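Student: Residue numbering for the sequence shown follows the numbering used here, starting at 1 and increasing by one per position. Below is the structure I would like to discuss, written out as structure tokens.
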Amino acid sequence: MRIIKRLYQINSTILKYGLDDYILHHIKSLPLKIFFKTQPATWFNNKNKKLPVGEKLFNICEELGPVFIKFGQILSIRCDMLPADIILQLSRLQDNVRPFSTDNAIDIIEKSYGKKLDDIFLEFDKKPMASASVAQVYQAKLKNNNSGSYDVVVKIIRPGIKKTIKQDIKVMRHLSSFFEKFLIDGNRIKPLEVVAEFEKTIYKELDLRLDAANADKLKENFNNNPSLYVPKIYWDYVKKNVMVIEKIDGFNVNDLKSLQQQNYNLKLLAKRGVEVFFTQVFEHNFFHADMHPGNVFVAKNCADKPSYIAVDFGIMASLSPADQQYLALNLLAFFNKDYKKIAELYIKSGWIKKDSNPQDFETAIRSVCEPIFAKPLSDISFGLVLVNLFIVARNFDMQVQPQLLLLQKTLLNIEALGKQIYPKLDLWDTAKPFLEKYVKEQNSPQKHLNNLIEKMPILFDKLTNIDNKNYSATDKIILRLQNKHNQFLKIVIITLLGLITLSLF
């Protein structure tokens, strides 16, 4: 009954904002078209019908509540399935909702820790710092054993949010199943997969232990790099629904006025932002995938050698080694205007179908990229290059790559922040050395040796562990002969390992 009620509410909201016309143009079922046309709400003049489609979707997500706002934010990175004007509108969605009561928050804290609030905190500000759909945060002073305190932030999962998410995900599954069957482009867009990916993402955000673990890993990665500071996690106070983290002292990255007044080196600050991103992607292969202005700060009292501070570690991502390499080679190929290479890489990586025509794909890439190169290199957007390449690939049935879409979104955010801080930022000039260094390291003898050593147990297992399998009599004769060949192959591999090792010294 709840699902039916929610579906009715969604249908009413769609009609209220006049999105039914857009749906009518994109569904292939005549009975469904008749259903939409015969609803009484469509018979009257609706001023919202004149709004752009992106604005209609923006309004619908806002009205349907926090889960749909988060879903809209996820859709805002899907340039492989939505046009640019809709993506632009959805990217405006802000995850700010009415706070839940502080009494509820205190009750959750005391139950989670098995202590009274006053036994944990010296001070606790009862006014929330921020309130989002999944969690709410408070400032506090955490007691320590030496009669002092630490300035901290307490993050608490919103009570009842799991139930709300569960209900709305159920509804989304029904809707996505409908759209997959009846949308003209449903088979390519795969709405069910989109919802499944969203479900995984949002449920991860409900476990603050994952948030804390992500923060710890990122902090460890940047221990010897002053460009990014990650707040300390107080592990004794990390639970599934509550966590305590060091309170940071910094300027919001959008606060240019304060940065200028304090004489910050804005050119270096912008450059370091790009370096931090590419270090995460190509050195650590673990990157913060939610780097919007609300999650990025600039440390105080470091104007000459500026440093960033990151917060909120619920959405992190990494790439497979193959995707890392293909991405680096793709960007370098673009930089060198090698469109043939880009086409080959997209096909080889499996990002588009193996039977795609390389010449046709190369021509499509050239038609999009050549106008970009009409601008000076310093004016070219790395993020928009990826967006344009994904849009072209969409016409060649590009397979959805969630991790690449998160990377593209993060790159766009980093680039926008960098240009805002220092408009003359040349992202290409900063990024190219990272890409070249990464590609060189991937092709070094040491890297090949490491890969071979890593795969040796699997390789030897395949060569020797054949007795446990049920083979036919004929197969066994062939395998005995093959075993002699395998023994020889083992000797060759060991010899090669020795030669490669010697060549390194």
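All C-beta atoms in this analysis are idealised placements derived from N, C-alpha and C, irrespective of residue type, glycine included. No experiment lies behind these values; they were computed from the predicted model shown.
Could you pull out every residue in the same chain whose Cβ sits closer than 8 Å to the Cβ of Gln408, ignoring the five residues on either side in sequence?
Tutor: Hits under 8 Å: Ile77, Cys79, Gly383, Leu386, Val387 and Phe390.
Student: Where in the segment 121-200 do unbroken runs of the alpha helix (DSSP H), each at least 4 residues long, occur, reported from the N-terminal end onward?
Tutor: 161-182 and 186-189
Student: For Arg272, which residues of its own chain have a beta-carbon under 6 Å away from its beta-carbon, when the five flanking residues on both sides are left out?
Tutor: Contacts found: Ser227.
Student: What's the C-alpha gap between Pro433 and Leu259?
Tutor: Rounded to the nearest angstrom, the two C-alpha atoms are 28 Å apart.
Student: Go ahead and pull the three-state DSSP assignment for Asn59.
Tutor: helix
Student: Would you tell me roughly how many angstroms separate the C-alpha atoms of Asn225 and Val137, rounded to the nearest one?
Tutor: 28 Å
Student: Who are the Cβ neighbours of Leu319 in its own chain at under 8 Å, not counting the five residues just before and after it?
Tutor: Val281, Asn285, Leu327, Gln403, Leu404 and Leu407
Student: Is Leu393 near Trp351, with beta carbons less than 8 Å apart?
Tutor: The sequence shown places Ala at residue 393, rather than the Leu named in the question. For Ala393 and Trp351, yes; Cβs fall inside 8 Å.
Student: Any heavy atom of the ligand MN closer than 7 Å to the Cβ of His292?
Tutor: Among the ligands in the structure shown, none appear at all, so the ligand MN cannot be discussed.
Student: In this structure, does DSSP put Glu205 in helix, strand or coil?
Tutor: In this structure, Glu205 counts as coil in the three-state DSSP scheme.
Student: Give the single residue among Lys247, Leu266 and Glu246 whose Cα lies nearest to the Cα of Asp255.
Tutor: Leu266
Student: Considering just the uninterrupted stretch of the alpha helix (DSSP H) at Glu562, what are its terminal residues?
Tutor: Because the chain here runs from 1 to 505, residue 562 falls outside it and cannot be looked at.
Student: What first and last residue would you give for the beta strand (DSSP E) that runs through Gly72?
Tutor: Element bounds for Gly72: not the beta strand (DSSP E) but the alpha helix (DSSP H), Pro66 to Leu75.
Student: Applying the 10 Å Cβ sphere with the 16-neighbour rule, what's the burial state of Pro66?
Tutor: buried
Student: Does the Cβ-Cβ distance between Asn214 and Ile156 come in under 8 Å?
Tutor: no
Student: For Asn395 and Thr410, I'd like the C-alpha separation in whole angstroms.
Tutor: 24 Å
Student: What span of residues does the beta strand (DSSP E) with Tyr308 cover, start to end?
Tutor: Tyr308 to Ala310
Student: What separation, rounded to the nearest whole angstrom, lies between the Cα atoms of Phe251 and Asn144?
Tutor: About 27 Å.
Student: Contact defined as beta carbons within less than 8 Å: I believe Ile365 pairs with Tyr339. What is the distance between those atoms, to the nearest angstrom?
Tutor: 5 Å
Student: Here's a check: name, in chain order, each residue in its chain whose Cβ is nearer than 6 Å to the Cβ of Tyr237, leaving out the five neighbours to either side.
Tutor: Excluding positions up to five away in sequence, the list reads Val244.
Student: Give a yes or no on whether the C-beta atoms belonging to Lys424 and Ser356 are separated by under 8 Å.
Tutor: no
Student: Can you tell me which of the three DSSP states Val281 falls into?
Tutor: It is helical.
Student: May I ask which residues mark the beginning and end of the beta strand (DSSP E) holding Ala299?
Tutor: Secondary structure note for Ala299: its beta strand (DSSP E) is the uninterrupted segment Val296 to Ala299.
Student: With the cut-off set at 8 Å, would you say Cys369 and Phe334 are in Cβ contact?
Tutor: yes
Student: Could you give the distance in angstroms between the alpha-carbon of Leu218 and the alpha-carbon of Gln261?
Tutor: 30 Å
Student: Ends of the beta strand (DSSP E) at Gly114?
Tutor: No beta strand (DSSP E) contains Gly114, which DSSP labels as neither H nor E.
Student: Under three-state DSSP, which class holds Leu481?
Tutor: A caution first: Leu481 carries a pLDDT of 48, below 50, which makes its placement in the model too unreliable to give a value.
Student: Taking the alpha helix (DSSP H) that Phe390 falls in, what are its first and last residues?
Tutor: Phe382 to Arg394
Student: Using DSSP with H/G/I as helix, E/B as strand and the rest coil, what is His26?
Tutor: helix
Student: Please name the residue, chosen from Ile10, Ile165 and Ile109, that lies closest to Ala140 on a Cα-to-Cα basis.
Tutor: For the options Ile10, Ile165 and Ile109, the alpha carbon positioned closest to that of Ala140 is the one of Ile109.
Student: Roughly how many angstroms separate the alpha carbons of Lys49 and Tyr422, rounded to a whole number?
Tutor: 40 Å
Student: For Gly250, which of helix, strand or coil comes out of DSSP?
Tutor: strand
Student: Could you name the residues that DSSP lists as bridge partners for Ser242?
Tutor: Per the sequence shown, residue 242 should be read as Val rather than Ser. Its beta-bridge partners are Ile156.
Student: Can you have a look at Ser133 and say buried or exposed, based on whether 16 or more other CB atoms are within 10 angstroms of its CB?
Tutor: buried
Student: Let me know if Met291 comes out buried or exposed under the rule of 16 or more other beta-carbons within 10 Å of its beta-carbon.
Tutor: Result: buried.
Student: Could you work out which residue in Asp168, Leu90 and Met129 is closest to Thr102 when comparing CA atoms only?
Tutor: Met129
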